[in-house]
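Add 1073 to the 1-based position in the sequence shown for this note's numbering, that's all there is to it. Structure first, then comments.
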Amino acid sequence: MLTRRPEQARGLVPEAADWVAFDPELPETWEHTIDGADGVVVLGGAPFFRRWSSWDEFERVATGGRVAANRAIVDAIARAEHKPRVLVTGSSVGYYGFEVSEAIVTEDTPAGTDRWAQGTGRYETEAKRAAQFGIRVVCLRTGIVFSPDDGMAAQMADQFRRGFGAVILPGTQWLPWIHIDDEVALIMLALNDDRVTGGLNASSPNPARYREYAAALGHVFGRRVRLRLPGLVMRLALKDIAEAVLYNRRMVPAKALGLGFEFTHPDLEPALHDLLTARGGR
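Here you go:
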């Protein structure tokens, strides 16, 4: 496991065979781990749901960090004597751009043209350089991951449990969500199935509108969701990245479904119940 904080990672991921300090500027300290590896998965990046001071900060820290990580990994692959077979890099639904649209987004949908798409395209472009060395490259375009102790649903759980959950207006915006178990399973699919190449949408086959998500989250805790919050509140809270919530996309995992992949948690409310009550999440 390549990580900026090896000691912390030992506690979070005790099953790893080793924990190696990763710094894109110091490849000599970690690139030996690439040589002889079967595959490489790049998932590093700053947390999305935090209060960014500006778009410039988000672009510099979040996007810039992912670009630098992919560039360093591909450069290490280029120097490796025994190269990995596959590189799986974490990407985003942002590849398709965020706009008001009812269109279904699949892997055949062209890249967007807004700043989100441009930023995501930058780190996908860095990863795709590995193809020139005969490496199969997969860009995992992930929606919003639900897990028991982190991410959007977990962070909002206490609010809904106490009866203060709200629908962020207009409520019709799409939420391309995925259960953490299915996210991991899709990563394994990308690693092991040679048919998977290029973009791979990582989201439930049943994307929900935000009002449906809020109602399901409230129902998990036996609460009716009566509050309505204007989008302005989200803009004040998230500032420049509020677009990703207010104008998310109706993304579906067409490629995975076409390969016969079966989702363990395809439906919204049972997935939330599994994570936030059955597993004792927040």
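All residues carry an ideal CB built from backbone N, CA and C; glycine is no exception. No experiment lies behind these values; they were computed from the predicted model shown.
Next on the checklist: Using C-beta distances below 8 Å, list every residue in its chain close to residue 1355, excluding the 5 sequence neighbours before and after it, in chain order.
Outcome noted: Counting from one through the sequence shown, the residue named residue 1355 turns up at place 282. Model confidence at residue 1355 stands at a pLDDT of 49, short of 50, so the residue's coordinates are unreliable; what they give is reported in the following sentence. Hits under 8 Å: 1221, 1222, 1227, 1228, 1230, 1231, 1349.
Item to check | Residue range of the beta strand (DSSP E) that includes residue 1219 | outcome: The residue given as residue 1219 occupies position 146 in the sequence shown. From DSSP, the beta strand (DSSP E) with residue 1219 extends over 1217-1219.
Checklist entry - Three or more beta-carbon pairs under 8 Å between the region 1143-1162 and the region 1101-1118, yes or no? => result yes
Item to check | Cβ pair residue 1248, residue 1282 closer than 8 Å | outcome: Taking the sequence shown and counting its residues from 1, one reaches residue 1248 at position 175. Taking the sequence shown and counting its residues from 1, one reaches residue 1282 at position 209. Result yes, Cβ atoms of residue 1248 and residue 1282 sit closer than 8 Å.
Next on the checklist: Need the endpoints of the alpha helix (DSSP H) that residue 1198 sits in, please.
Outcome noted: Along the sequence shown, read from residue 1 onward, the residue named residue 1198 stands at position 125. Unbroken alpha helix (DSSP H) run through residue 1198: 1188-1201.
Checklist entry - At which residues does the alpha helix (DSSP H) containing residue 1274 begin and terminate? => result Taking the first residue of the sequence shown as position 1, residue 1274 is located at position 201. Note, residue 1274: premise wrong, no alpha helix (DSSP H); beta strand (DSSP E) at 1271-1275.
Item to check | residue 1356 in three-state terms, based on DSSP | outcome: Nothing can be reported for residue 1356: it is not among the residues displayed for the chain, which extend from 1074 to 1355.
Next on the checklist: In chain order, what are the residue ranges of uninterrupted alpha helix (DSSP H) at least 4 long that sit wholly in the region 1115-1158?
Outcome noted: 1128-1131, 1137-1152
Item to check | Bounding residues of the beta strand (DSSP E) (the contiguous stretch that carries residue 1301) | outcome: For the purposes of this step, residue 1301 is taken as residue 228 along the sequence shown, with counting starting at 1. Its beta strand (DSSP E) spans residues 1300-1302.
Checklist entry - Do the CB positions of residue 1086 and residue 1106 come within less than 8 Å of each other? => result In the sequence shown, counting from the first residue as 1, residue 1086 sits at position 13. In the sequence shown, counting from the first residue as 1, residue 1106 sits at position 33. Not a contact, by the Cβ cut-off of 8 Å.
Checklist entry - Rounded to a whole number of angstroms, what is the C-alpha to C-alpha distance between residue 1225 and residue 1280? => result Residue mapping note: residue 1225 aligns to position 152 of the sequence shown, counting from 1. Residue mapping note: residue 1280 aligns to position 207 of the sequence shown, counting from 1. Approximately 15 Å, taken between the alpha carbons.
Checklist entry - So does the region 1172-1179 actually touch the region 1118-1128, counting three or more Cβ pairs closer than 8 Å? => result no
Next on the checklist: Within 10 Å of its beta-carbon, does residue 1265 have 16 or more other beta-carbons around it, so buried, or fewer, so exposed?
Outcome noted: Along the sequence shown, read from residue 1 onward, the residue named residue 1265 stands at position 192. Exposed is the call here.
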